[in-house]
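>
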Amino acid sequence: MGIIVNGSLFTLHTKNSTYQMKVDDKGVLLHTYYGKRTDETDYSYLISFADRGFSGNIAAARGDRTYSLDYLPQEFPVCGSGDYRVSCLNADLGAGVNDCLLFFDSYRTYRGKYSLEGLPAMFAEDGDPVETLEILLKDYKDDLYVRLLYGVFEDHDMITRSVMIENKTGQDVKLSRVMSTCLDFSDKDLDMIHFYGKHAGERQAERLSLFHGITELRSTRGTSSHQHNPFVIVAKKDTNENMGECLGFSLVYSGGFHVQAETDQIDQVRLVMGMDDSDFLWTLYPGEEFTAPEVCMTYSGSGLGGLSRSIHDGFYRHLIRSPWKDKRRPVLVNNWEATYFSFDGKVLLDIAREAAKMDLDMLVLDDGWFGKRDDDYSGLGDWFVNEKKLGCSLKELSAQIHEMGLSFGLWFEPEMISEDSDLYRAHPEWAMVVPGREPIRGRSQLVLDMSREDVVEYLKERLFDIMDSADIRYIKWDMNRSLALAYGELFPRERQGELRHRYVLGLYEVMEALLARYPNLLLEGCSGGGGRFDAGMLYYAPQIWCSDNTDAIERLKIHYGTSFGYPMSAVSAHVSVCPNEQNGRVTPLKTRGICAMQGAFGYELDLGKMTEAEKEEVKVQVKTFKKHYRLFQFGDYYRISSPFENGDFTAWEYADREGKEACLSVVFTDLHGNPAPHIVKFEGLCKEKRYEVSRDGEPLGEFSGAALMNGGLLLPMPRENYDSCQFYACEK
Ligand code: DGJ
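Going by the working numbering, the residue at position 365 of the sequence shown is 1156; the numbering climbs one at a time, nothing skipped.
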């Protein structure tokens, strides 16, 4: 039983964790415990009460100055309650101030998992050990209800939370902040690990100590963004990769977000996470509901590695829906870095012909196949095939590619509009631009108002039309700028603060419709590389282009950071040319292959321009990936050595769950004269089993699991800059 209710005490258990809350004698829902699995003791005895100067007292506590929401641990703190810490809800019930005050109303539990209309969320299949708890809170005076939703995934140490605000007050309610989760910790000695970045340098791992005051991460860009990621970890000071306690928080949402961690006056920490509220103002009319996106919380008592593996597995089973999650992903070649906008049908067919010879599975036609689009100044929105440029129809192109034994994929950037496009000329009002004012351009393009039903319908119609016109098995869904002013012509002035969220709802509506109509389509997310790499996107796209930076060495850090919160099968990674197009670095083809095999593997170069020796090497890489794809896609992922800490090499490993086989990859990142020896140790094997071990296909000998895990293996000396090797251990 995941959920145990005892009077006013709610205890949620997963395999290794327990979460508890309690309705106190005033009717306030307090948070009493989250951590290592324990019993159903009422942990509210740990809360201390004192008269703290300048902390407000609610009316229900009149006469008792030791009762203040300003220091009590709560499940859903609201602004205006005398709690001056970061809160979850700003709701103006009519007076022009945020004066809502919530008390317990009722609860219900049921088997299975709640879902959220129009929003991505974790799901459960029949029979999964998953339960839902709904707790209804109500304003003490007005009929404003807040429904707190808890999904308990016992097997994965995951608890999801979401919030629905229900307006039964009979008058408009203004919401200017709705956070999806709040977690109050009684301990201040905590670190936060977060993943900052930039275009072509996403998800760099950074660990910092929380301090008195507010640590804040957010994206105001309308997307989850390159700059910050809606996934953070809160860890005890002594937690490392292999041991210690930590909690992961993932927002299942692809728009802007906000995370705050506040250490308060009495050394407690509060963490809140939810949608970006910087520009948010939502009018909730009588009878309406507002649903906030889901946050998925994961507990680990076995370090950061254990946390990541729980998340990988939990997301794989309960968030990613695509049938492709169970199938080997196609090894594809994408023409972007091979040709950019300069291609015709013949150039594409030449690349496809080479790809077929090397046993690749798919050719993906990137940007430039539609409208007038020979550079990035025009054409977006005109989703009509440029047959003149291709020299044939898309149907013919796709058919010829299929005849070669490859399948065909296509790039789209549906959310955008170029001013130089027929669509803009017909519908300038569809762009998010304030009439009569200059637009803010990004990559010389404007953003479509995805909150409009006519825009959503246009995009569905164009996508379906193109999809029906040819045999297309994969779509890369790109998005190449941040939102600046989120303006929608159809909304009055006082409701413009709804546009950012409505944009995301429109985006999800089109993606949902696309997948409903083409359930076997492989959708790859992308936003100028990894600018929208988030749990929300995984609900639609089982893989996401991880970065526009294809340099194998910079990718080590990007992959490392991404692996904390996302399954590596979702990390789309390609081998590209040298010198690298983004940073000019030269790396061996072998290393580029090993690095890209960490995720959904492919190529992004003109295969025809490779030397014969390189082509032979590509064949070996493709063969290796296909041979071990089960390990790479479904194996447990171990970060063996960090590119942020070890300057000499980075290593990672995939091990199958039964300890039958493992593949450990190493990339050297520095060279030394008279170098020190280095050893790597395997993880996830069975100590008592015996393994046949090879290195880059050459037999190394037979070892016990104990030897490989405790003793390890000596690394070969690197023979050139950015050399690499791959060990493979297979049970005898
Ligand atoms: C950004 C993507 O990340 C690239 O891979 C490529 O598709 C370009 N956009 C095309 O404009």
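Cβ coordinates follow ideal geometry from the N, Cα and C atoms, glycine included.
I think Met1223 touches Leu1276, with their Cβ atoms under 8 Å apart; what is that distance to the nearest whole Å?
7 Å
> Any idea what DSSP makes of Leu1197, helix, strand or coil?
coil
> Tell me the start and end of each unbroken beta strand (DSSP E) in the segment 1371–1433 that is at least 3 residues and wholly inside, in chain order.
1391–1394 and 1427–1432
> Does DSSP classify Asn1501 as helix, strand or coil?
Looking at Asn1501 - three-state DSSP - the assignment turns out to be helix.
> Would Asp1135 pass as a contact of Gly1182 if the rule is Cβ separation under 8 Å?
yes
> With 16 other CB atoms within 10 Å as the buried threshold, where does Ser1015 fall?
Ser1015 should be labelled buried.
> Please list the segments of the beta strand (DSSP E) lying wholly inside the segment 923–983, counting only runs of 3 or more residues, in order along the chain.
935–944, 949–958 and 964–976
> Tell me whether Trp1336 counts as near the ligand DGJ, meaning its Cβ is closer than 7 Å to at least one heavy atom of that ligand.
yes
> Which partner residues of Glu1073 appear in the DSSP bridge assignment?
Strictly speaking, residue 1073 in this sequence is Trp, with Glu absent from that position. BP columns for Trp1073 point to Leu966.
> Tell me the residue span of the alpha helix (DSSP H) that contains Ile1526.
No information on residue 1526 is available, as it lies outside the stretch 792 to 1523 that the chain covers here.
> So, Leu884 versus Val869, is the Cβ gap smaller than 8 Å?
The answer is no: Cβ separation not under 8 Å.
> Taking 7 Å as the line, does the beta carbon of Trp1127 fall inside it for any heavy atom of the ligand DGJ?
yes
> My guess is that Tyr824 and Ile1057 are in contact by the Cβ rule of under 8 Å, so how many angstroms apart are they, rounded?
That belief does not hold up - the Cβ atoms of Tyr824 and Ile1057 are roughly 18 Å apart, past 8 Å.
> In this structure, does DSSP put Glu993 in helix, strand or coil?
strand
> In the DSSP assignment, what are the bridge partners of His822?
Met812
> So what does DSSP say about Glu1315, is it helix, strand or coil?
strand
> Going by DSSP in three states, Pro1490 sits in which element: helix, strand or coil?
strand
> So, under 8 Å CB-CB, His990 and Leu1008 are touching, yes? Tell me the CB distance rounded to an integer number of Å.
The Cβ separation is near 18 Å, so there is no contact.
> In this structure, what does DSSP give as the bridge partners for Ala1238?
Looking at the sequence shown, residue 1238 is not Ala but Val. DSSP, once it has assigned bridges, lists Met1207 as partnering Val1238.
> Output the distance between the C-alpha atoms of Leu1214 and Leu927, rounded to the nearest integer angstrom.
46 Å
> Consult DSSP for Leu1276 and reduce its assignment to one of helix, strand or coil.
coil
> Does the Cβ of Gly1320 lie closer than 7 Å to at least one heavy atom of the ligand DGJ?
Because some heavy atom of the ligand DGJ lies under 7 Å away, the Cβ of Gly1320 counts as near it: yes.
> If we count the other Cβ atoms within 10 Å of its Cβ and call it buried at 16 or more, is Tyr836 buried or exposed?
exposed
> What residue ranges within the segment 1158–1196 form continuous alpha helix (DSSP H) runs of no fewer than 4 residues, ordered along the chain?
Taking only runs of at least 4 residues, the alpha helix (DSSP H) segments lying wholly in the segment 1158–1196 are 1178–1181 and 1185–1194.
> For Asp1167 and Leu1154, what's the separation of their Cα atoms in angstroms?
22 Å
> Following the continuous beta strand (DSSP E) through Ser1354, name the residue where it begins and the one where it ends.
Looking at the DSSP string, Ser1354 is not in any beta strand (DSSP E); the run it does join, the alpha helix (DSSP H), is Ala1343 to Ser1354.
> Helix, strand or coil for Ser1016, going by three-state DSSP, please let me know.
Correct three-state label for Ser1016: coil.
> How many angstroms separate the CA atom of Asp955 from the CA atom of Arg1108?
It is Met, not Asp, that sits at residue 955 in the sequence shown. If you take the alpha carbons of Met955 and Arg1108, they lie about 25 Å apart.
> Contact between the segment 1031–1044 and the segment 1073–1093: three or more CB pairs below 8 Å?
yes
> So what's Met1153 in DSSP terms, helix, strand or just coil?
strand
> Mind checking whether the beta-carbon of Asn881 lies closer than 7 Å to any heavy atom of the ligand DGJ?
no
> In angstroms with no decimal places, state the Cα-to-Cα distance between Asp1068 and Tyr1294.
14 Å
> In the DSSP assignment, find the alpha helix (DSSP H) that holds Trp1127 and state where it starts and stops.
Trp1127 to Thr1130
> Report all residues from its chain with a CB closer than 6 Å to the CB of Gly1279; omit the five preceding and five following residues, and keep chain order.
The answer, listed in chain order, is Asp1240, Ser1242 and Leu1290.
> Could you tell me the alpha carbon to alpha carbon distance between Trp1336 and Tyr1131, rounded to whole angstroms?
16 Å
> Using three-state DSSP, classify Arg899 as helix, strand or coil.
Reduced to three states, the DSSP call for Arg899 is strand.
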